[in-house]
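Sequences listed follow chains U and A, in order. Quick note on numbering: the working numbering labels position 27 of the first sequence as 39, and the sequence is numbered without any gaps. Quick note on numbering: the working numbering labels position 87 of the second sequence as 123, and the sequence is numbered without any gaps. The next block holds one structure in the form of structure tokens; read it before the comments.
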Amino acid sequence: DTAVSQTPKYLVTQMGNDKSIKCEQNLGHDTMYWYKQDSKKFLKIMFSYNNKELIINETVPNRFSPKSPDKAHLNLHINSLELGDSAVYFCASSRLGGGDTEAFFGQGTRLTVV
Amino acid sequence: DAKTTQPTSMDCAEGRAANLPCNHSTISGNEYVYWYRQIHSQGPQYIIHGLKNNETNEMASLIITEDRKSSTLILPHATLRDTAVYYCIVRVRRSQGNLIFGKGTKLSVKP
Chain U
13 DTAVSQTPKY LVTQMGNDKS IKCEQNLGHD TMYWYKQDSK KFLKIMFSYN
63 NKELIINETV PNRFSPKSPD KAHLNLHINS LELGDSAVYF CASSRLGGGD
113 TEAFFGQGTR LTVV
Chain A
37 DAKTTQPTSM DCAEGRAANL PCNHSTISGN EYVYWYRQIH SQGPQYIIHG
87 LKNNETNEMA SLIITEDRKS STLILPHATL RDTAVYYCIV RVRRSQGNLI
137 FGKGTKLSVK P
């Protein structure tokens, strides 16, 4: 069983569209994350979320919003897509805690905006 | 910004030990050192972490200096499948502990 799974794996869409990326974890973790990896391969945190707190990286445009229907899912909604949104998006999860918890990552969703 | 410094790239011969250094001179006493790797086109994979003692698991060993200002990840018998970008991360000790990735070290294992 895949621990953290994302769908779709590839997403090609036109500018201005609204799209969602789904993420599910079966590890029983409390905290989930979204990361963005741009063309220069830098991995940057976008959101971290548990059932009590959403932390948003201040550089993330408000066109991006996480939605969590339950503890095992954290979906990423993107409105009015722009060319610069093209990247690979990774979902991750970990146990709630301090520094002593490892994170598990999904295989990524490659988003291409044309 | 990442709180670690790593060489941009390294080569290693297949079957030999790969030693990947990391400097984290501003590490705080309650911060952990984590290592992750990212094989091409895949999600980052956890390798190992430690606080101040050396650690070993089935994948690697982590050697942390006594002053905790640097560490070394050791892959004892590198294989071609270990070719990846290796990230050394100092884990911010918050309730949700975001991982802050730097540029990492591109390790190339050669036959």
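All C-beta atoms in this analysis are idealised placements derived from N, C-alpha and C, irrespective of residue type, glycine included. Given the structure is predicted, the values throughout are model-derived calculations rather than measurements.
The three-state secondary structure of U:Arg75, taken from DSSP, is coil. Listed in chain order, the non-local C-beta contacts of A:Ala96 below 8 Å within the same chain comprise Trp71, Ile83, Ile84, Leu109, Ile110, Leu111 and Pro112, local neighbours out to five positions each way being set aside.
Within chain A, the residues Tyr70, Tyr82 and His85 have their CB atoms less than 8 Å from the CB of U:Glu114, given in chain order.
For U:Arg75, the CB contacts under 7 Å within the same chain, skipping 5 residues up- and downstream, are Ile90, Asn91 and Ser92 in chain order.
Counting only runs that start and end inside the region 85-137 of chain A, the beta strand (DSSP E) elements of at least 3 residues fall at 97-100, 106-111 and 120-127. Taking 8 Å as the threshold, the shortest C-beta distance from A:Gly65 to chain U does not fall below it.
When only Cα atoms are considered, U:Val100 and A:Ile125 end up about 20 Å apart. At a cut-off of 8 Å, the C-beta of U:Leu86 has no neighbouring C-beta in chain A. Judged by their CB atoms, U:Tyr61 and U:Pro78 are nearer to each other than the 8 Å cut-off. Proximity of A:Gln42 to chain U, defined by a Cβ-Cβ separation below 8 Å, is not satisfied.
In the three-state reduction of the DSSP assignment, U:Leu39 falls in the coil class, being assigned neither a helical nor a strand state. Contact annotation: in the region 63-86 of chain U, residues whose CB is within less than 8 Å of a CB in chain A are Glu65 and Ile67.
The shortest CA-to-CA distance from U:Ala15 to any of U:Cys103, U:Val125, U:Arg122 and U:Thr121 is the one to U:Cys103. Counting C-beta atoms within 10 angstroms of its own C-beta, A:Ala114 has 16 or more neighbours from the protein chains shown and is therefore classed as buried.
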